[in-house]
Amino acid sequence: MSNKKVKRIARIIFIIVSIGSLYFVPWILVKAWIMPLPATVQEQLEQAILYDFDGIIVYVDQAGKPPASYAAGWHNREDKVPADPQALFKIGSITKLYVAVAVAKLVNEGRLSLDASLADYLPELAGRIENSDKISLRMLVQHRTGIPNFTDVPNFWVDPPIDADEQLRLVLDQPADFAPDEEYRYSNTNYLLIGKILDKELGYNNYEYIKEEILIPLNLNHTFGSLDEVAIDELMGGYYVGIEEDIKTVDYGLNSYGSMLATAQDVAVFLRALNEGSLFKEGEQAIYTSIYASEHTGLIPGYQSIARYHKEMDAVIIQFNNTTNFTGYDWSLAEIIYSRIVKIVKKKSS
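Residue 5 is where the sequence shown starts when you use this note's numbering, and the numbers rise one by one after that.
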């Protein structure tokens with residue numbers, strides 16, 4: 005076969021493969037990204053609902069302007085109750101920001117040491133978690149421990165443990181993912197263990213400390229530690245693709261390791277205070293900034309959340325949406341929607 009024929013065949017194969025690969029392109033993400041940018045945040049939310057999100061809430065607090073709340077879609081899909089910007093929401097791992105602040109405060113008080121080991125704090129786990137004598141509290145806060153993530157255990161969300169002890173048992177006696185401080189890998193087990201350390205040091209549930217030291221001083225009257233504290237109708241419905249019913253009353257044991265409930269406004273007030281430093285006493289902010297981030301996201305069945313401070317325009321933007329699908333494109337869509345809302349806010353402020 006001549007070189008000319010070989011090149012022609014190769015070209016044809018390349019074209020066929022290229023056309024075939026288009027089948028695998030996530031066109032819904034492409035569409036969400038390239039759509040003309042709406043003029044207002046509310047228009048963007050109405051557009052977002054077209055991507056099969058049941059409901060979405062956004063709160064914008066930009067310096068020099070009145071805070072603004074937006075909502076679209078459903079608070080309760082079954083009863084056709086419209087999304088309410090003042091609704092409570094399960095904020096998932098955004099809770100870790102509050103926990104990290106509690107750690108910084110207790111370190112500043114001298115009640116905890118960032119350099120003390122997991123084995124020092126919880127000696128009963130010394131033979132059950134690999135490297136527990138080398139894993140420091142600092143590493144736990146920063147996700148640099150190598151301890152396996154219990155939510156990554158196969159079928160965790162299908163048949164979830166009911167409490168923190170059962171969750172922890174999923175990773176006991178398992179090999180470490182890597183040596184302590186060798187790399188970063190997000191693990192919910194780290195914060196489950198921090199919760200146990202805090203409870204032991206305090207002598208009571210660490211949420212009560214968070215309430216006393218963070219929520220009350222900031223007047224966060226719409227932030228709660230568990231479903232038991234709230235009127236269930238005030239909690240936005242939570243939906244998972246493929247499941248018809250609202251799953252908001254299913255906590256998946258989440259309240260055992262940290263999924264607080266809050267309004268978007270309360271999260272925004274907390275996030276601004278965190279970034280401006282107004283929630284810290286002398287010495288606490290330096291400790292906090294040395295160990296953890298100043299923004300976070302949350303993802304649990306039925307609830308996706310994004311909480312970020314945008315320094316360039318001095319704005320806190322919170323986004324909640326109540327439709328999830330761990331094997332689909334929902335999270336990527338939520339991030340695209342959020343990035344477009346940031347562009348809209350930035351455009352209006354320029």
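All C-beta atoms in this analysis are idealised placements derived from N, C-alpha and C, irrespective of residue type, glycine included.
Is the CB-CB distance between residue i and residue j below 8 Å?
{"i": "A268", "j": "Y63", "result": "yes"}
{"i": "T227", "j": "D270", "result": "yes"}
{"i": "I60", "j": "A75", "result": "yes"}
{"i": "E217", "j": "A106", "result": "yes"}
{"i": "E367", "j": "K84", "result": "What is shown of the chain runs 5 to 354, which leaves residue 367 out entirely."}
{"i": "L33", "j": "S336", "result": "yes"}
{"i": "A168", "j": "S140", "result": "no"}
{"i": "E299", "j": "A311", "result": "yes"}
{"i": "Q224", "j": "Y213", "result": "A small fix is needed here, since residue 224 is Leu in this sequence, not Gln. Going by C-beta atoms, L224 is not nearer than 8 Å to Y213."}
{"i": "N135", "j": "A183", "result": "yes"}
Below 8 Å on the Cβ atoms is my contact criterion, and I expect residue i with residue j to pass it. Report the Cβ-Cβ distance as a whole number of Å.
{"i": "V111", "j": "L118", "result": "6 Å"}
{"i": "I98", "j": "G302", "result": "5 Å"}
{"i": "R276", "j": "Y244", "result": "Between Y244 and R276 the Cβ distance is about 31 Å, and since that is not below 8 Å, they are no contact."}
{"i": "T193", "j": "F154", "result": "5 Å"}
{"i": "R81", "j": "D334", "result": "About 15 Å separates the two Cβ atoms, so there is no contact after all."}
{"i": "P158", "j": "S191", "result": "Not really, about 16 Å apart at Cβ, beyond 8 Å."}
{"i": "A52", "j": "I341", "result": "5 Å"}
{"i": "Y125", "j": "K204", "result": "7 Å"}
{"i": "Y296", "j": "F284", "result": "Going by Cβ atoms, the distance from Y296 to F284 rounds to 13 Å, so no, they are not a contact pair."}
{"i": "S353", "j": "M317", "result": "5 Å"}
{"i": "Y211", "j": "G229", "result": "4 Å"}
Going by alpha carbons, who is nearest to residue i out of the options?
{"i": "K252", "options": "E286, K285, T327 and A290", "result": "T327"}
{"i": "D232", "options": "M264, Y208 and L222", "result": "M264"}
{"i": "E248", "options": "S294, D58 and A67", "result": "D58"}
{"i": "F330", "options": "H314, I201 and Y307", "result": "Y307"}
{"i": "G332", "options": "S354, L224, G114 and G246", "result": "G246"}
{"i": "V273", "options": "I295, I322 and A290", "result": "I322"}
{"i": "D65", "options": "A319, P152, R344 and S343", "result": "A319"}
{"i": "L196", "options": "K285, R344, K138 and R173", "result": "R173"}
{"i": "S133", "options": "D181, P164 and A311", "result": "Sequence inspection shows Ile at residue 133; the Ser mentioned does not correspond to that position. Ranking D181, P164 and A311 by Cα distance to I133 puts D181 first."}
{"i": "P305", "options": "Y55, S354, A36 and N325", "result": "N325"}
{"i": "V234", "options": "D156, L219, A266 and I220", "result": "A266"}
{"i": "L116", "options": "D137, Q46 and R142", "result": "R142"}
{"i": "Q46", "options": "D56, G77 and V254", "result": "G77"}
{"i": "L219", "options": "V162, E170 and L278", "result": "L278"}
{"i": "L222", "options": "E170, P179 and E280", "result": "E280"}
{"i": "H79", "options": "E170, I236, V162 and S282", "result": "I236"}
{"i": "V175", "options": "D156, V162 and D163", "result": "D156"}
{"i": "E113", "options": "K315, A338 and E286", "result": "E286"}
Strictly by DSSP, which residues pair up with residue i?
{"i": "T227", "result": "A266"}
{"i": "F93", "result": "A266"}
{"i": "Y307", "result": "I304"}
{"i": "T327", "result": "Y243"}
{"i": "N80", "result": "V85"}
{"i": "S121", "result": "S140"}
{"i": "S73", "result": "Y63"}
{"i": "I322", "result": "Y63 and A311"}
Check whether the Cβ of residue i sits closer than 7 Å to any heavy atom of the ligand SAM, and report yes or no.
{"i": "L174", "result": "With respect to the ligand SAM, the structure shown offers nothing to examine, as it has no ligands at all."}
If contact is defined by three or more beta carbon pairs under 8 Å, each pair taking one atom from either stretch, is the stretch 230 to 242 in contact with the stretch 76 to 94?
The count of Cβ pairs closer than 8 Å, one atom from the stretch 76 to 94 and one from the stretch 230 to 242, reaches three, so the stretches are in contact.
Quick check: the stretch 179 to 190 against the stretch 139 to 150, are at least 3 beta-carbon pairs closer than 8 Å?
Yes, the stretch 139 to 150 touches the stretch 179 to 190.
Counting Cβ pairs, one atom from each stretch, are 3 or more of them under 8 Å apart for the stretch 32 to 45 and the stretch 341 to 349?
In this structure the stretch 32 to 45 touches the stretch 341 to 349; the number of beta carbon pairs closer than 8 Å is three or more.
So, do the stretch 123 to 138 and the stretch 193 to 206 have three or more beta carbon pairs nearer to each other than 8 Å?
Contact holds: three or more Cβ-Cβ distances are below 8 Å.
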